[in-house]
Structures are given as structure tokens and as C-alpha cells.
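A quick write-up on the structure given underneath.
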Amino acid sequence: MIPDFLYNHSNWLVGLTVAGSFVGFGLALLLLAHTLLPKDWRSRHNEFVGFMLAVVSVVYAVLLAFLAIAVWESFGKAGEIAAREASLAGDLAHDSMAMPEPLRGVVVAEVKGYLGWVIGEEWPAMGRGEALSGEDGPGAALADVGWARLFGIHQALAAFKAADSVQTAMFSEVLARLNSLYDARRDRLLQSEEHLQPVVWGVVLFGAAITIAFTTLFGMDSLLMHGLMTAAVAAIIALVVLLIVAFDYPYRGKVQITPDAYRHVLQVLVRAGER
Numbered sequence: 001m002i003p004d005f006l007y008n009h010s011n012w013l014v015g016l017t018v019a020g021s022f023v024g025f026g027l028a029l030l031l032l033a034h035t036l037l038p039k040d041w042r043s044r045h046n047e048f049v050g051f052m053l054a055v056v057s058v059v060y061a062v063l064l065a066f067l068a069i070a071v072w073e074s075f076g077k078a079g080e081i082a083a084r085e086a087s088l089a090g091d092l093a094h095d096s097m098a099m100p101e102p103l104r105g106v107v108v109a110e111v112k113g114y115l116g117w118v119i120g121e122e123w124p125a126m127g128r129g130e131a132l133s134g135e136d137g138p139g140a141a142l143a144d145v146g147w148a149r150l151f152g153i154h155q156a157l158a159a160f161k162a163a164d165s166v167q168t169a170m171f172s173e174v175l176a177r178l179n180s181l182y183d184a185r186r187d188r189l190l191q192s193e194e195h196l197q198p199v200v201w202g203v204v205l206f207g208a209a210i211t212i213a214f215t216t217l218f219g220m221d222s223l224l225m226h227g228l229m230t231a232a233v234a235a236i237i238a239l240v241v242l243l244i245v246a247f248d249y250p251y252r253g254k255v256q257i258t259p260d261a262y263r264h265v266l267q268v269l270v271r272a273g274e275r
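Heads up: the sequence shown begins at 1 in full-length UniProt numbering, then just goes up one per residue.
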């Protein structure tokens with residue numbers, strides 16, 4: 001529904017484009033109303049138009065506020081999921097340090113490889129809007145490699161035979177971490193595809209058009225002043241819509257969840273391996 005242009009270019013360019021489109025639409029409607037509807041006729045209905053504009057504006061403002069809060073909470077949830085996945089990956093590697101070789105080396109190596117894959121391959125794919133939780137497509141192929149890293153750890157654990165109660169306890173802890181990492185990864189992949197449905201965007205754009213259209217129905221002596229007021233209303237609506245767009249896909253665009261948590265964990269593991 002939302003063109004890739006909105007996520008693949010700088011914020012100022014996208015902002016100018018969206019705001020310019022809304023303002024241009026409003027000014028075009030104003031010129032049309034000024035041409036087709038006599039000013040005297042519009043002036044006689046200023047009070048009624050003002051009342052209706054107030055009603056429409058309140059309803060539309062509530063809708064925008066609700067959507068803005070919803071996408072902001074979804075954005076925050078996406079950040080928490082990513083941070084949790086990175087932490088679980090680090091905890092899994094750290095817990096495996098108490099296990100004997102070669103299991104310890106396998107787990108640490110696979111975790112490092114997993115983190116590197118998420119940072120270098122999966123994150124850019126999510127930024128392009130590719131579906132990583134599907135059954136086919138380039139995104140699914142990338143996701144399969146990430147899953148294979150975790151399955152490699154699982155296979156190594158399945159082949160391990162604990163020699164004493166301490167190793168048994170550590171084995172249980174490592175396995176629990178791995179299962180939690182599975183869940184966190186699955187949550188991230190699903191969350192990366194969560195967004196507002198097309199019907200919602202249809203309502204948002206239709207509401208914007210109606211609200212802007214009402215501002216053009218006033219009868220004012222100064223066309224310049226009327227144009228400035230219409231442009232201001234259109235620009236404000238555009239900025240709020242742009243805010244919703246920016247947070248709708250938490251892993252896309254210039255305003256996105258970054259893989260910094262994964263980088264930090266990977267750096268810690270690399271430094272620990274060098275000691």
C-alpha cells in the first residue's frame with residue numbers, strides 16, 4: 001500500500017514530497033471551489049461549514065491519534081523483541097562456556113555466525129520489506145540460513161552426553177536459552193511484517209481529503225489568506241500521516257530499529273574469544 005519511495009529516501013525528501021502533495025491537493029481544491037462556488041454563496045454558509053469542520057476535525061484527530069499511538073507501541077515492541085533476541089543469543093553463548101569441548105566451540109561459533117547473518121543479511125532484507133516468515137521467495141531463503149544456524153546448535157546439543165550432574169544442569173540451561181531464542185527470532189520475523197492494513201490507509205487518506213475539502217468551503221475576502229490557512233491545515237495533516245508511516249514498519253526506512261544490540265553482543269563474543 002505504501003510506496004517503497006517513502007522508506008528508501010531521506011526524511012526531508014519524503015517529508016517535502018508528502019507535505020507538498022497534501023498542500024497541492026488542498027490548494028487545487030481551493031481554486032476549484034473559488035471558481036465554481038461564488039464567494040457570497042460560501043460566505044452565507046460560513047457558520048455551518050465551521051461547525052461541520054469542527055466535527056469532522058475532531059473525529060479525524062481521534063483517528064490519527066489512535067493510529068499514531070498504535071504504531072508507536074508496535075515500534076517499541078519491535079525494539080524490545082530485537083533486544084531480547086540479541087540478549088538471548090549472548091546468554092546462550094555465555095552459558096555454553098561451562099560446557100566441554102567440542103560442544104562449547106560449536107555453540108559459540110554458531111551463535112557468532114547467527115549474529116553476523118542477522119546483521120549482514122536479514123536486517124537489510126527486512127529494510128527492503130522482504131517477508132522472512134514466508135515459505136518461498138528470497139526473504140524465506142535468507143531466513144532458512146538463520147534457522148539452520150540455530151538448528152546446528154540443536155543438533156550439537158542432541159548429540160551431547162552429560163558426564164555429571166553439573167553438566168546436566170548446564171545442558172538444561174543452554175537448551176532452555178536456545179528454545180527462548182527460537183521464540184524471540186520467530187517473534188521478530190513476524191513483527192517485521194506487521195503493519196496497518198490497506199483499508200486503514202484508505203480511511204486515513206479519505207478523512208484527510210474530507211477535512212481539507214471543508215477548509216476550502218469558507219467564503220473569505222482574501223484568497224491569499226484562505227490559501228495559507230488551507231495549506232497550513234494540509235501540511236499539519238501530512239506531518240501526522242508521515243509520522244504514522246515512519247513508525248508503521250519498524251525495521252524499514254530512515255527511522256527504524258537498528259541491529260546495534262546484535263552488534264554489541266557479537267563484539268563482546270569476539271573480544272572474549274581473543275582473550
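No residue lacks a Cβ here, since even glycine has one placed at the ideal position from N, Cα and C.
Keep in mind the model is a prediction, meaning the values are calculated, not measured.
(request) Closer than 7 Å by C-beta to THR168: which residues in its own chain qualify, once you throw out the five before and the five after it? Chain order, please. (result) Translated into positions along the sequence shown, residue 168 becomes position 168. Around THR168: ALA162.
(message) If contact is defined by three or more beta carbon pairs under 8 Å, each pair taking one atom from either stretch, is the stretch 202-218 in contact with the stretch 33-51?
(response) yes
(request) Below 7 Å CB to CB, which residues in the same chain sit around ASP91 once its five sequence neighbours on both sides are set aside? (result) As a working note, residue 91 is residue 91 in the sequence shown. The answer, listed in chain order, is ARG177.
(request) Thinking ILE257 and ALA82 are a contact (beta carbons under 8 Å), I'd like their distance in whole angstroms, please. (result) Taking the sequence shown and counting its residues from 1, the one referred to as residue 257 is at position 257. Taking the sequence shown and counting its residues from 1, the one referred to as residue 82 is at position 82. At roughly 5 Å, the Cβ-Cβ gap stays under 8 Å, so ILE257 and ALA82 are in contact.
(message) Let's test the definition: count the other Cβ atoms within 10 Å of the Cβ of SER10 and tell me whether it reaches 16, buried, or not, exposed.
(response) Within the sequence shown, numbered from 1, the residue matching residue 10 stands at position 10. With fewer than 16 Cβ atoms within 10 Å of its Cβ, SER10 is classed as exposed.
(request) If I'm right that LEU67 touches ILE212 with Cβ under 8 Å, what's the distance once you round it to whole angstroms? (result) By 1-based counting over the sequence shown, the position of residue 67 is 67. By 1-based counting over the sequence shown, the position of residue 212 is 212. Going by Cβ atoms, the distance from LEU67 to ILE212 rounds to 18 Å, so no, they are not a contact pair.
(request) Indicate the three-state DSSP secondary structure (helix, strand or coil) for PHE160 in the structure shown. (result) In the sequence shown, residue 160 corresponds to position 160, counting from 1. Coil, per DSSP.
(request) Please report the Cβ distance between LEU157 and VAL174, rounded to the nearest whole angstrom; I am assuming they are in contact, meaning their Cβ atoms lie under 8 Å. (result) Translated into the one-based positions of the sequence shown, residue 157 becomes position 157. Translated into the one-based positions of the sequence shown, residue 174 becomes position 174. Correct: roughly 7 Å between the Cβ atoms.
(request) Find the nearest neighbour of ASP125 within the set GLY113, VAL111, ALA141, GLU110, judged by alpha-carbon distance. (result) Position 125 of the sequence shown, counted from the first residue, corresponds to residue 125. Note on residue identity: the sequence assigns Ala, not Asp, to residue 125. Residue ALA141 is the option with its Cα nearest to ALA125.
(request) Compare the C-alpha of GLN267 against each of LYS112, ALA148, MET220, LEU132 and name the closest. (result) Along the sequence shown, read from residue 1 onward, the residue named residue 267 stands at position 267. Of the candidates LYS112, ALA148, MET220, LEU132, the one whose C-alpha sits nearest the C-alpha of GLN267 is LYS112.
(message) Measuring straight from C-alpha to C-alpha, what distance separates VAL107 and PRO138?
(response) On the sequence shown, position 107 is the one that residue 107 refers to. On the sequence shown, position 138 is the one that residue 138 refers to. So the two alpha carbons sit approximately 27 Å from each other.
(request) Label ILE69 either buried or exposed according to how many other C-beta atoms from any shown protein chain fall within 10 Å of its C-beta, with 16 as the threshold for buried. (result) Stepping through the sequence shown from its first residue, residue 69 is reached at position 69. The residue in question, ILE69, is exposed, as its Cβ has fewer than 16 Cβ neighbours within 10 Å.
(message) Quick check on residue 277: buried or exposed, where buried means 16 or more other Cβ atoms within 10 Å of its Cβ?
(response) Residue 277 falls outside the range modelled here, since the chain spans only 1 to 275, and no answer is possible.
(request) Note down the Cα distance separating ALA208 from GLU122, rounded to an integer number of angstroms. (result) Taking the first residue of the sequence shown as position 1, residue 208 is located at position 208. Taking the first residue of the sequence shown as position 1, residue 122 is located at position 122. If I take the Cα positions, the gap works out to 36 Å.
(message) Determine whether the beta carbon atoms of VAL270 and ALA89 lie at a separation below 9 Å.
(response) The residue labelled residue 270 in the question sits at position 270 within the sequence shown. The residue labelled residue 89 in the question sits at position 89 within the sequence shown. No, Cβ-Cβ distance for VAL270 and ALA89 is not below 9 Å.
(request) Taking TYR262 as the reference, give the member of GLY50, ALA184, ARG252 with the closest Cα. (result) Working through the sequence shown from its first residue, we reach residue 262 at position 262. The option with the nearest alpha carbon to TYR262 is ALA184.
(request) Can you grab the Cα-Cα spacing for the pair LYS254 / VAL245, in whole Å? (result) Start at 1 with the first residue of the sequence shown, and residue 254 comes out as number 254. Start at 1 with the first residue of the sequence shown, and residue 245 comes out as number 245. About 11 Å.
(request) Let me know the secondary structure DSSP gives SER74 once reduced to three states. (result) As a first step, residue 74 is located in the sequence shown; it is residue number 74 there, counting from the start. Reduced to three states, the DSSP call for SER74 is helix.
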